[in-house]
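**Student:**
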Amino acid sequence: MRELEPYNYLWWKQLTTLYIYTEQHNKALITLQQADRAGFELSEQLLILMAQLYAQNKVPQKAGETYARLKSLESRPELLAQQATYWQLAKEWSKASSSWRKAATLDQKYYWQHTLLMLKLNDFTAALASINQLSEITSDVLLAKTQALSALGHRSQALQVVTELHKVDPSDNSLHWIKYLTKD
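Final position of the sequence shown in our numbering is 449; the numbers increase by one with none missing.
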């Protein structure tokens, strides 16, 4: 089909669909790559599929790059969050951070993922800034705030946060932090 009518976009889409339906994901990805290289403008749906196939093939870098081509990316927090996940899998930390931050400006729940990444990267100032943007304060959020404050040298503030947490929701983690922050 592609040989007979290589310029018919419908054939490329149908072949991709056939490969997906028959669970030949590698061939589906190759078909999408070929259609893209042939100059066809892939729909958002096909770009998302292509990114998923890249991720499935353990190429998260290409998945993140493919998401960057989505026209609606900057206005859809769930797409930005998925892109951030791909960047994290690719260990592209600054790109992941940027995507999480953009997603969070559109939907506050993504500040938590940004916080977790910043803690992992030991960027405690950025982690604290994201924590302060969260509207839902859970025990995990308060423990993260304790960690960030402690790492920034604000031991008394960290102790205050974790002590209040321990009064409301005692746990081994909060007790550990209290012991750590009160020893000389």
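Every residue gets a Cβ at the ideal spot worked out from N, C-alpha and C, and that includes glycine.
For clarity, every value in this text was computed on a predicted model and none was experimentally measured.
Check whether the Cβ atoms of Trp276 and Phe305 sit closer than 8 angstroms, and answer yes or no.
**Tutor:** no
**Student:** Among residues of its own chain, excluding the 5 on either side of Ser400, which ones have a beta-carbon nearer than 6 angstroms to its beta-carbon?
**Tutor:** Gln373
**Student:** Run the CB neighbour count on Asp434, radius 10 Å, all protein chains shown included, and call it buried at 16 or more, exposed below.
**Tutor:** Burial state of Asp434 is exposed, judged by a 10 Å Cβ sphere holding fewer than 16 other Cβ atoms.
**Student:** Tell me the DSSP secondary structure of Ala368 in three-state form.
**Tutor:** Of the three classes helix, strand and coil, the one that applies to Ala368 here is helix, per DSSP.
**Student:** Among the candidates Lys432, Leu424, Tyr272 and Leu386, whose CA atom is the shortest distance from the CA of Tyr445?
**Tutor:** Leu424
**Student:** Report back the beta-carbon spacing between Tyr284 and Ala320 to the nearest angstrom; my notes put them in contact at under 8 angstroms.
**Tutor:** Their Cβ separation, rounded to whole angstroms, is 17 angstroms, which puts Tyr284 and Ala320 out of contact at 8 angstroms.
**Student:** Around the Cβ of Ser364, are there at least 16 other Cβ atoms within 10 angstroms (buried) or fewer (exposed)?
**Tutor:** It is buried - the Cβ of Ser364 has at least 16 other Cβ atoms within 10 Å.
**Student:** First and last residue of the alpha helix (DSSP H) that includes Glu401?
**Tutor:** Run containing Glu401: none; DSSP gives neither H nor E here.
**Student:** Might you give, ordered along the chain, the residues of its own chain that have their beta carbon closer than 7 angstroms to the beta carbon of Lys336, omitting 5 neighbours on each side?
**Tutor:** Glu309
**Student:** Classify Ser439 as buried or exposed, calling it buried when 16 or more other Cβ atoms lie within 10 Å of its own Cβ.
**Tutor:** buried
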